[in-house]
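These notes concern the structure reproduced below.
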Amino acid sequence: MHRKGKGPTDFADARSASQENSVSKKGETKSPASTPKGLSRLALNRRHFLAAGAATLATPYLSKIARAQGSDVNVGVVVPLSGANAQFGVNSRNGIQLAADQINDNGGIKALGGAKINLIIADSTSTPTNAATVGQRLIAQQNVVAILGAYASSLSLALSEATERRDVPLLTMSFSDMITGRGFKNVFQMISKATTMGAAQLRGPAGVAEKAGKPLKSIAIMYEDTAFGTSQAGGLRETAAELGIEVVMDEAYPLGITDVTPLINQLRGTNADAVFPCSYLNDGVQIIRTMRQQGIDMPVIGGAGGYVIPDFRAALGEYAENVFSVAPSNYDLAPELTDPFKERFGYFMVHEAIEHAVCLDVLAKALEISGDTDSDALREALRNNRFEGGWAGIIPGGGVDFDETGLNTLAKPIIVQWRGEDLVTVWPDDVATKEAVWAGK
Amino acid sequence: MAFIQAVLDGLMIGGVYAVISIGLTLVFGVMGIVNFAQAEFLTLGMFVAYFAWKFLGLDPLIGSFLSFVVIFGLGVVVQMTLIQRVLNAPPVAQIFVTVGLLIVIENLTLIVFGSDFHSVTTSYQTSTLRLGPLFIGVPYLAAFLMALLSAAALWLFTNKTWYGRAMRATAQDPMAANLMGINADRMRQIAFGLGVGMTAFGGAVILPYFTVHPTVGHQFVVLMFTVVVLGGLGSVAGAVVGGFAVGVIQSVSTLFFPIQLQNLVLFIVFLTVLAVRPTGLIGAAR
Chain R
1 MHRKGKGPTD FADARSASQE NSVSKKGETK SPASTPKGLS RLALNRRHFL AAGAATLATP
61 YLSKIARAQG SDVNVGVVVP LSGANAQFGV NSRNGIQLAA DQINDNGGIK ALGGAKINLI
121 IADSTSTPTN AATVGQRLIA QQNVVAILGA YASSLSLALS EATERRDVPL LTMSFSDMIT
181 GRGFKNVFQM ISKATTMGAA QLRGPAGVAE KAGKPLKSIA IMYEDTAFGT SQAGGLRETA
241 AELGIEVVMD EAYPLGITDV TPLINQLRGT NADAVFPCSY LNDGVQIIRT MRQQGIDMPV
301 IGGAGGYVIP DFRAALGEYA ENVFSVAPSN YDLAPELTDP FKERFGYFMV HEAIEHAVCL
361 DVLAKALEIS GDTDSDALRE ALRNNRFEGG WAGIIPGGGV DFDETGLNTL AKPIIVQWRG
421 EDLVTVWPDD VATKEAVWAG K
Chain U
1001 MAFIQAVLDG LMIGGVYAVI SIGLTLVFGV MGIVNFAQAE FLTLGMFVAY FAWKFLGLDP
1061 LIGSFLSFVV IFGLGVVVQM TLIQRVLNAP PVAQIFVTVG LLIVIENLTL IVFGSDFHSV
1121 TTSYQTSTLR LGPLFIGVPY LAAFLMALLS AAALWLFTNK TWYGRAMRAT AQDPMAANLM
1181 GINADRMRQI AFGLGVGMTA FGGAVILPYF TVHPTVGHQF VVLMFTVVVL GGLGSVAGAV
1241 VGGFAVGVIQ SVSTLFFPIQ LQNLVLFIVF LTVLAVRPTG LIGAAR
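Those protein sequence lines, which keep their order, are chains R and U.
If you use the numbering used here, the first sequence corresponds to residues 1 to 441, in order.
If you use the numbering used here, the second sequence corresponds to residues 1001 to 1286, in order.
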C-alpha cells in the first residue's frame, strides 16, 4: 500500500499541458454561480498539549525538488506531508509533480524563455499555524511566484493569511466557503465552495432516487465538526429544505472520534431513506462498518474526503460497493490525463491530485499570458482569463474562470459511486460514465 | 432501553481504554516516570498486528499476542538504553526523553510505513449479537473480552508470581528490594516492557474496528491520561475503573447531549472528581 513515485524519467508520453490548451480572453468577470465542496478539516483535534508542543518543535521540512537554475520559476507547494492529513497531502504533491514534469518536458514556460517550473515543496504538517509559517518562509526565502495548497480548508485558511499579506497568489482546491468569502485578492479557489458541494451531495442522489422510482423523503446527516463538515452540512440542510426532504437526524461529531456506536444507534432509530456522512477516512470506515454490524443497509452518500480514495475500498472491501460520494472531479472524466498518474504512482488519480494538477496548469497558463512573474501581472492574468483544455478541462463544468472573489464559477460538483476497485461518475447525466445503482427503499 | 444500550456500549469500549491505560499507570507506578510516548506504542502494536494479518494471515486477536511480545522486547530495549539514564534525573529531563521518543517513533513510522491508513478485514467484522432489543458488535465484544483477559493475566502476574512481587517490591522501595536480592534494573525493564506491551496489545485488539496510521496515537493519548488520572495515577485497579468510567461517561452523555460534547461532559466529570478526590477514584495506591 505504500505509494512511491517512480521518478520523473519514466514518464515518456507526457502530454503537453500548455500546447493543446486554449485560453480565451474574457472581458469582465463573470457572475458567481457555483460553489465548492468541503474537504477541509481542522487540524485542531490535537487536543493533546504535547502533540502541539511536538508539532511546534518539529521544524517544518523544506525540500528542494528540482535543480535550481537561474531562469527557473519557483512555485511553492504547501501541503500536509505529516500528521492526520498526510496521505491527502502526498496525493496532492504527486498530482502537482506529474503536471510539473509534463510542463517542463514540453519546454517549460515559453513566454519566459522556456523557464522550467521549479517546485519548492514544504510540509505544512496538519497544523494551521505551521501552514502559515512555512508559507511565509517560502515567500521570504525562496522567491516563489505563487503558492499551491494546502488541501485541508483549515490549513488553506491559515496559509492564505500569509499569502495575502505578502501579495502572492495562492491557488487552492480547499472547499470552505471562507476561502473566497473574506474579500482576499490573492486567493484562487479551483472548485466549488462547501455549501455548493453539500447541495450537490443531496441533489444528485435525490435525482437518482427519483429516477429509480424511490424518491427521497427523509435523510440523516452526520458530519465532523470542522470547517469542512460544518459548511458542507449547511449546504445539505438548506437543500433538504428546498426539496421538501425531511432531515430526521442532524448530528455533528468531534474530529478523531474513537467510537461511532452512539451515532449509529441514533441512526438506527430514524428510519431515514439515506444517510449523508461528511467525514475523512477513519470515521467514514467506522461509520459504514458499524452500520453493517447493525444491519442498516440504507444508501450512503459520503461528502468526499475519505470516501473517494483507494484506501476506503481497501478497508471496507465489498462493503464499499455502491457507496456514493460527492466529488469536485473524478479520474474517469479524462482517462487520457489521469492514466499516466496511475502508471507512475500505482493508484488511481484521486480528486485532490487532479485538482492540484489543475492549480499548477492554470498557473502555468497564466504565466504564459502575463509573460512576467510579477505578482500584479500574474494576478491580472489569473483573474481576467478563462482557462480551458489540458488539466483545466477536467474540472466538471469545462474549465476555470475566476470571479472577483477568486472563485472558479465554472466548477460543478459530481456524484461518484464505488464499483469494485473503481470509482465511477454517475451524476449529472451529461458527464456520467455509468448508470447509478440505487439500493434505497 | 437506550440507556442500557449506551451503558453496554460504554463498557465495551471502556474495557479497551482500561487496557491501553494500564501500561501508562504501570510504568508510572514502578518508576515514577510519566511516559508521554505511551500512545506511540499503541500505534506500533497496531502496526505489528496489521502486518501479522497482512503477511501471516493472523487474525488481529491472535496477532495481538505477537504485538505484545514484540513491543515488550522493544520496551525492554528502550528502558535499558533511554529511560534507565534519566531515572534519577530531574523531571524535565524525563519529560524530554519521553517526548523525544514520541516524536522519533511517530516520524519513523511515517517514514517507514508512509502516511496511509491501514485496515484489516475479518469475517466477524460486521456481525453483531442481538439480545432482544440490544445490539453488541462482535468486534467490540471480542476486543472487550481480550482486554479483560489481559488485565486478569497482568493481575495474576503481579500478585501470584515471584517476578510480579519483586516488581511491586521495587516500586515500593528500590533499595530494600535490592538488599533482598532483587535486581531492580531488571524489574524496571520488565515493568516498562509490560507497560508498553499491554498498550500495544490493546491497540491490536481494536484493529478489527479501527484503522491504523502513524498518528493514530493522538486519538487516544488524551483519553489514556484521563483514564489514568481519573482512576489514580500509579494504580492498576484505578486504570480499570477509570477506563470503564470514561467509556460509560462518553457513551451515556450522547443520550442527553450532542455527540460533539461527549468529551466536554467527560472532562467536566473528570475535573469534578479531581476537585473532590485529588488522588483519583482509587487512591494513590503506589
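Where a beta carbon is used, it is the ideal one built from N, C-alpha and C, also for glycine.
Here the stretch 386-398 of chain R makes no contact with the stretch 202-222 of chain R; the two share fewer than three CB pairs at distances below 8 angstroms.
When the beta-carbon positions are compared, Val-1030 of chain U and Ala-1275 of chain U stay at least 7 angstroms from each other. By alpha-carbon distance to Leu-236 of chain R, the top candidate from R:Ala-274, R:Asp-101, R:Arg-268 is R:Ala-274. Think of a sphere of 7 angstroms around the beta carbon of Glu-251 of chain R: the chain U residues whose beta carbon falls inside it are Pro-1258, Ile-1259, in chain order.
When the five nearest sequence neighbours on each side are left out, the beta carbons in the same chain lying within less than 7 angstroms of the beta carbon of Arg-1168 of chain U are those of Thr-1158, in order along the chain. Taking the Cβ atoms as the reference, Gly-1075 of chain U lies roughly 14 angstroms from Gly-1203 of chain U, outside the contact range of under 8 angstroms. Distances from the alpha-carbon of Ser-1123 of chain U to those of U:Val-1007, U:Pro-1060, U:Phe-1225, U:Phe-1256 put U:Pro-1060 closest.
Its chain contains Leu-281 as the residues whose beta carbon lies nearer than 7 angstroms to that of Asp-311 of chain R, once the 5 sequence neighbours on both sides are disregarded; these appear in chain order. In the three-state reduction of the DSSP assignment, Leu-255 of chain R falls in the coil class, being assigned neither a helical nor a strand state.
Contact annotation for Ala-1200 of chain U against chain R: no contact, minimum CB-CB distance about 17 angstroms [criterion: below 7 angstroms].
In the displayed model, Asn-91 of chain R falls within a helix according to three-state DSSP. Comparing C-alpha distances from Pro-215 of chain R to each of R:Glu-224, R:Ile-221, R:Gln-102, R:Arg-203 shows the shortest one belongs to R:Arg-203.
Within 9 angstroms of the CB of Leu-1223 of chain U, the CB atoms of chain R belong to Thr-258, in sequence order along the chain. Any Cβ of chain U closer than 7 angstroms to the Cβ of Val-285 of chain R would place that residue at the interface, and such an atom is present.
Closest in C-alpha terms to Glu-318 of chain R, from the list U:Phe-1036, U:Gly-1014, U:Gly-1032, U:Thr-1126, comes U:Thr-1126.
Non-local beta-carbon contacts of Val-79 of chain R in its own chain, meaning distances under 7 angstroms to residues more than five positions away in sequence, involve Gly-89, Ser-92, Arg-93, Ser-124, Gly-149, Ala-150, Tyr-151 in chain order. Straight through space, the alpha carbons of Ala-1152 of chain U and Val-1016 of chain U are spaced by roughly 13 angstroms. With a minimum length of 3 residues, the unbroken runs of beta strand (DSSP E) contained wholly in the stretch 98-131 of chain R fall at 117-123. In the three-state reduction of the DSSP assignment, Val-400 of chain R falls in the strand class. DSSP places Ile-415 of chain R in the uninterrupted beta strand (DSSP E) bounded by 414-419.
Ala-366 of chain R: member of the alpha helix (DSSP H) spanning 351-370, first to last residue. Between Thr-270 of chain R and Val-248 of chain R, the C-beta gap is smaller than 7 angstroms, which places the two residues in contact. Under the 10 Å beta carbon count, Arg-1188 of chain U is surrounded by 16 or more other beta carbons and is classified as buried. Nearest to Phe-1028 of chain U by C-alpha distance, out of U:Ile-1249, U:Ala-1171, U:Gly-1181, U:Leu-1281, is U:Ala-1171. Distance from the Cα of Leu-1008 of chain U is smallest, within the candidate group U:Asp-1116, U:Leu-1131, U:Val-1227, U:Val-1236, for U:Leu-1131. In the DSSP assignment, the residues bridged to Ser-325 of chain R are R:Gly-302, R:Val-416. The Cβ atoms of Leu-1129 of chain U and Glu-1040 of chain U lie no closer than 7 angstroms to each other. Going by DSSP, Met-1046 of chain U is part of the alpha helix (DSSP H) stretching over 1038-1056.
Comparing alpha carbon positions, the residue from R:Ile-219, R:Asn-85, R:Leu-157, R:Glu-246 closest to Phe-276 of chain R is R:Ile-219. Between Ala-131 of chain R and Leu-112 of chain R, the C-beta gap is not smaller than 7 angstroms, which leaves the two residues out of contact.
Burial is judged here by how many other beta carbons sit within 10 angstroms of a residue's own beta carbon; Pro-396 of chain R has at least 16 and is buried. Exclusion of the five residues before and after Lys-110 of chain R leaves Glu-368 as the residues of its chain whose Cβ lies within less than 7 angstroms of its Cβ. Within chain U, Glu-1106, Asn-1107, Leu-1110, Ser-1115, Pro-1214, Thr-1215 have C-beta atoms less than 9 angstroms from the C-beta of Ser-82 of chain R, given in sequence order. Interface annotation, Pro-277 of chain R: not in contact with chain U, CB-CB separation never under 7 angstroms. Between Gln-1038 of chain U and the set U:Phe-1003, U:Phe-1267, U:Phe-1220, U:Leu-1145, the nearest pair of CA atoms involves U:Phe-1220. Gly-108 of chain R and Gly-1137 of chain U have their C-alpha atoms roughly 57 angstroms apart.
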